[in-house]
Amino acid sequence: MPALAGPEALDNAEIAMNKQRLILVGNGMAGIRTLEELLKLAPDRYEITVFGDEPYGNYNRILLSPVLAGEQEFEQIILNDEEWYRQHGITLHAGCRVERIDRARRQVVAQDGSTAPYDRLLLATGSSPVLLPVPGHDLDGVIGFRTIADVEQMLAVSRSHRDAVVIGGGLLGLEAANGLLQRGMNVTVVHLLDTLMERQLDRTAAGMLQRSLEERGLKFRLEAETEAILGQERVEGVRFKDGTELAADLVVMAVGIRPNIELARQCGLYCERGVVVNDTLQTFDPRIYAVGECVQHRGVTYGLVAPLFEQARVCANHLAEYGIGHYEGSVSSTKLKVTGIDLFSAGDFTGDERSEEIVMQDASAGIYKKIVLRDNRIDGVVLYGDTVDGAWYFQLLRDGTDVSDMRDQLLFGQGNLGNAGHGGENASVELPDDAEVCGCNGVTKGEIVKAILEKGLFTLEEVRTHTKASASCGSCTGLVEQILADTAGGDYSAAPATQPICKCTDYSHDDVRNTIRQAHLTSIRAVMETLDWRTPDGCSSCRPALNYYLISTWPGEVQDDAQSRFINERVHANIQKDGTYSVVPRMWGGVTSPDQLRAIADVAEKYKVPLVKVTGGQRIDLLGVRKEDLPAVWADLSAAGMVSGHAYGKSLRTVKTCVGSEWCRFGTQDSTGLGIKLEKMCWGAWTPHKFKIAVSGCPRNCAEATIKDFGVVCVESGYELHIGGNGGVKVRATDLLCKVVTEEEVLEYCGAFLQLYREQAHYLERSAPWLERVGLSFIREQVVEDARRRKALCERFLHAQRFVQQDPWAQIAGSDEANRGFTPLKVLEES
Amino acid sequence: MSRWIEIGNLDDIPVLGSRIVQTPRGDIALFRTGSGAVFALRDRCPHKQGPLSQGMVHGTTVTCPLHNWEIDLETGEALPPDEGCTNTYATRVENGVVMIEFGGVS
Ligand code: SRM
Ligand SMILES: Cc1cc2nc3c(=O)[nH]c(=O)nc-3n(C[C@H](O)[C@H](O)[C@H](O)COP(=O)(O)OP(=O)(O)OC[C@H]3O[C@@H](n4cnc5c(N)ncnc54)[C@H](O)[C@@H]3O)c2cc1C
Ligand code: SF4
Ligand code: FES
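Protein chains in written order, with our numbering: chain A, 1 to 831; chain B, 1 to 106.
The following block contains the structure:
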């Protein structure tokens, strides 16, 4: 029997009989996360057994700090209780250490002498605190900070004793010190170097941190080397190299962690600092995988959960035998979990001769921000006092975004680039529980906090699925991230640098589009087969994306798949909350006529349309049309010469214009006429997200061209072309692309820009975030500097337009076949 | 008493699509999955009464067009983390004709 048959090779009954045995050693955060991911992918593949040294289910180790500080209870930090293991048919040996691995017999030997056989083994043994080997380090009352047992011991001492010494001024040491201080102890932090958290902070930020911790009552001894721990049985004090001494009833050593590799080393697995694994998290024995802090990958060991969760995802994929994902290492970010102190750092912020620094310091407000740039990309960030933009900088860092175009704005944060509605509301700690955080879905802070604690959520994505907060317009994302950080001790969304399209696949938007292009795929089915989609028909996220990539890559060749379009695009109208639809006819450049208005009025009366409204895009909207009336409404509008306004599509929307030189005393060019030409050229085009254009006749800019995806501002000498504007959730003014002289040039540049966006942006990415991701310089290179490329882009656009400029309304209204989808299959008089 | 009522031809429901049946007690949505199975659900989402027939079908799930809840076509229940349920009706396809059972246990 092949031990590792592919997923299709066995049917379900056979799998049940031949279930392979998977053993997990280490019942901690990385190991259990891997099992959770595995159960999602292949719930029935393995018979699973877990061994854990600690006598509980899996808990959130990160939150030991708030527990120590008295801000949370033990029960709140349990992630997987015993019921969870039972439900998933997992055998748990809690409080049972594995002593030995017998690779020849493929079994593990536990503390109590029992053995358990495996087909595959997963090591996730984590790491242990380093205890300085000074005399007295083994006295009672000298401990590390790693487990519930450690915290219980600290709490016991804090109830009966006074003096605590914490050795180590890093993240863990400061959190321990703060906790003990909250518990009423007199705490001194001892640190070898002259600044705190030197691995995360630069000197300035470290100084600010030290001052505010001192204000809370912590004491510091910097540049102090511990020589001995004093005492008979219990610890009584600490002596330093310089001969001075400090009284101590408790000594917490937080000088670093060491990966737990004894088990692996003893059975002959190759180890260096950690257990060495490859990009699929496999050790040198192909049956044995390893994840978490015990692992060394490409020479690096990790001590924060975000990278471990990424490892877990990839490892689970291979255990499930999908064999797609690769782990390529992570950059991590840190937040200090001391309530009231905002501190964030990520990447490498020390800098060298090749890097540059941008710094802002406001001492009296207690704010410090430093960004280290290398080759116009963010290499490292340190934020103190105001960490709202941490997640944004971290994203830019991971994406390797070229920031040269926003350099002068960078330090002021993302909010400065414009954020409608939510300005200023960013300090989550002060928000009361009943404050509404997500305006779209009416979710309060209290509800978010409750979900995070009760359901053990870690990532922004998880909070979104469970609470819907920030799942709609996204403008409260920053705030939700902060609540998550305050409640769960960090935002672990440290998504892999490239995100999969959705849960049906591990491939990213770019992977999919490149495959479609290179393998000349022309149907959704073919894409799903080639890229091993996990679900039979994808889902409502990936299908529309695939459909778009296919039709935009192979215009005229690919059959548009109606069932893979969101309802609005399927029925060419906008669905309303009561299930009726709205109809917006196109009015070229916003210009209409008495005939058209009369036709609209007739339609409104004939079909009893409840509301006729002028839209923000200079068109007229008929709201509340019943689905079965749509084809007839369209037929009437067609008869009056009107076509679909595509107000429903990820497509060209409206071209807004002002009256321009024909009428206005300030107009410099015929903005209305140019707008009409642009709309005639671009209408019908499908785009990654909606696309809006405007033309203003002079810099007074009455058509608001500078918040459109493509905006034209007419001037005496020609036309200014602006790109990447957005008037929606997050207001963004355009960037100037270039200036041109003739209308022909405007049309050509517009076609080229639109085509570049169509070919490169991810599905559902508007031109503004796309521009920020790829950089203005890149777009200028393609569209402005290289005339041949511009012409080729524009030609590809015009070619694609040949296949789409047929009015979908007229087509449906005129064909019984297409019409059919709008009527009931049957009408029953009684039921 | 339950009874089976003939609704129409299977071919008239698009694959991965839906058509509705109007009844005096509200619309019923008929869904056809990729594997050819037909399911019938009351055409109202348990969230805010969205018309499920206008949603996107994948596997044996439909995504509501209004706020993206996912509803299981077999049970009428919302997939977690959402909670709620809509009525289901038994269906049968014979010689390419779709039938729904009314008044039965659903
Ligand atoms: C009808 C209209 C409001 C009105 O009564 O004036 C409207 C209505 C809707 N807008 Fe809008 N938007 C309308 C102009 C605008 C404008 C103003 C403009 O175009 O000059 C904006 C800001 C400009 C911009 O897009 O940059 C605007 C920004 C949005 C956004 C946020 C987009 C963003 O990138 O942040 C959404 C949400 C989305 O698309 O995801 C949205 C979505 C919607 C949807 C489609 C919501 C939905 O999914 O149901 C609304 C459809 C209602 C319907 O059935 O017609 N609407 N919407 C306007 C139609 C314009 C037209 O004639 O086609
Ligand atoms: C106080 C504290 C605060 C922290 N704060 C943060 C933070 O803010 N942000 C952040 O990202 N990270 C933080 N961390 C780090 C984070 O908790 C760890 O990175 C993470 O828990 C490591 O997961 P792991 O599964 O590799 O190891 P662990 O969670 O340690 O799990 C390993 C488990 O294996 C068991 N084990 C070991 N050997 C054996 C054996 N032979 N047999 C059976 N069982 C065995 C251990 O007992 C342990 O239960 C913090 C850690 C601590 C201690
Ligand atoms: S029309 Fe636009 S702004 Fe108004 S409620 Fe709908 S989405 Fe919101
Ligand atoms: S009505 Fe269906 S998701 Fe809201």
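Even for Gly, the Cβ is constructed at its ideal location relative to N, Cα and C.
As the structure is a computational prediction, the values presented were derived from the model and not from experiment.
Check	Outcome
Alpha helix (DSSP H) segments (min. 4 residues) lying fully within the region 748-821 of chain A	767-774, 776-780, 787-804, 808-813 and 816-819
Contact under 8 angstroms by Cβ, Tyr22/A with Arg120/A	Residue identity check: residue 22/A is Leu in the sequence provided, not Tyr. Yes; because the gap between Cβ atoms is below 8 angstroms, this pair is in contact.
Alpha-carbon spacing of Gly579/A relative to Leu630/A, whole angstroms	13 angstroms
Residue range of the beta strand (DSSP E) that includes Gly538/A	Taken as a continuous stretch (DSSP letters only), Gly538/A belongs to no beta strand (DSSP E), as it is neither H nor E.
Any 3 or more C-beta pairs closer than 8 angstroms across the region 322-334 of chain A and the region 49-63 of chain A	no
Trp392/A - containing beta strand (DSSP E), residue span	Not the beta strand (DSSP E): Trp392/A falls in the alpha helix (DSSP H), residues Gly390 to Asp399.
Touching by the beta-carbon criterion (3+ pairs, under 8 angstroms), the region 276-290 of chain A and the region 156-172 of chain A	no
Proximal residues of chain A, C-beta to C-beta of Arg128/B below 9 angstroms	Nothing can be reported for residue 128/B, as the shown portion of chain B is limited to 1 through 106.
Leu63/A Cβ short of 7 angstroms to ligand 4 heavy atom set	no
Given Leu336/A as reference, the closest of Thr687/A, Ala177/A and Gly821/A once Cα atoms are compared	Ala177/A
Rounded C-alpha distance that separates Asn547/A from Trp683/A	19 angstroms
8 angstroms Cβ cutoff met for Leu123/A and Ala264/A	yes
Check: Phe145/A C-beta below 7 angstroms from any heavy atom of ligand 2	yes
Partner residues on chain B for Gln563/A, Cβ-Cβ distance less than 8 angstroms	Pro14, Val15, Leu16, Gly17, Met56 and Val57
Paired residues, beta bridge with Ser638/A - DSSP	In the DSSP output, where bridge partners are listed per residue, Ser638/A has none listed.
Alpha helix (DSSP H) runs wholly inside the region 669-719 of chain A, at least 4 long, in chain order	671-682
Proximal residues of chain B, C-beta to C-beta of Arg543/A below 8 angstroms	Met56 and His58
Contact with chain A by Asn68/B, beta-carbon distance below 8 angstroms	yes
Test: Ile483/A CB closer than 8 angstroms to a CB of chain B	no
Assigned secondary structure, Ser552/A (DSSP; H/G/I helix, E/B strand, else coil)	helix
Listed by chain order, chain A residues near Pro51/B by CB distance under 7 angstroms	Gly579
Length-filtered (3 minimum) beta strand (DSSP E) runs lying within the region 569-595 of chain A	581-583
beta-carbon Leu181/A near ligand 2 non-hydrogen atom, thresh 7 angstroms	no
Simplified DSSP assignment, three categories, for Tyr89/B	strand
Close-in-space but distant-in-sequence residues of the same chain around Leu16/B (CB under 6 angstroms, 5 per side omitted)	Gly34 and Val57
Inside the region 163-229 of chain A only - alpha helix (DSSP H) runs reaching at least 4 residues	171-182 and 203-216
Residues of its chain near Leu411/A, where Cβ-Cβ distance is below 7 angstroms and the 5 sequence neighbours each way are ignored	Ile358, Met360, Lys369 and Ile371
Neighbourhood of ligand 4 [Cβ distance below 7 angstroms to any heavy atom], ordered by chain position	Cys45/B, His47/B, Lys48/B, Gln49/B, Gly50/B, Cys64/B, Leu66/B, His67/B, Asn68/B and Trp69/B
Which residues DSSP lists as bridging Ala247/A, in chain order	Gly237/A
Local Cβ density within 10 Å of Asn568/A, reported as buried at 16 or more and exposed below that	buried
Residue-level contact to chain B via CB, Asp560/A, 8 angstroms cutoff	no
Own chain partners of Gln107/A with C-beta closer than 7 angstroms, once the 5 adjacent residues on each side are dropped	Thr115, Ala116, Pro117 and Tyr118
Asn118/B Cβ short of 7 angstroms to ligand 2 heavy atom set	Nothing about residue 118/B can be read from this structure; chain B reaches only from 1 to 106.
Cβ contact check for the region 196-211 of chain A and the region 379-398 of chain A: 3 or more pairs under 8 angstroms	yes
Residues near Thr668/A in its chain [Cβ-Cβ closer than 7 angstroms; skip 5 each side]	Ser661, Gly697, Cys698, Cys714, Val715 and Glu716
Same chain, Cβ closer than 6 angstroms to Gln311/A, neighbours up to 5 away in sequence not counted	Leu281, Val291 and Tyr327
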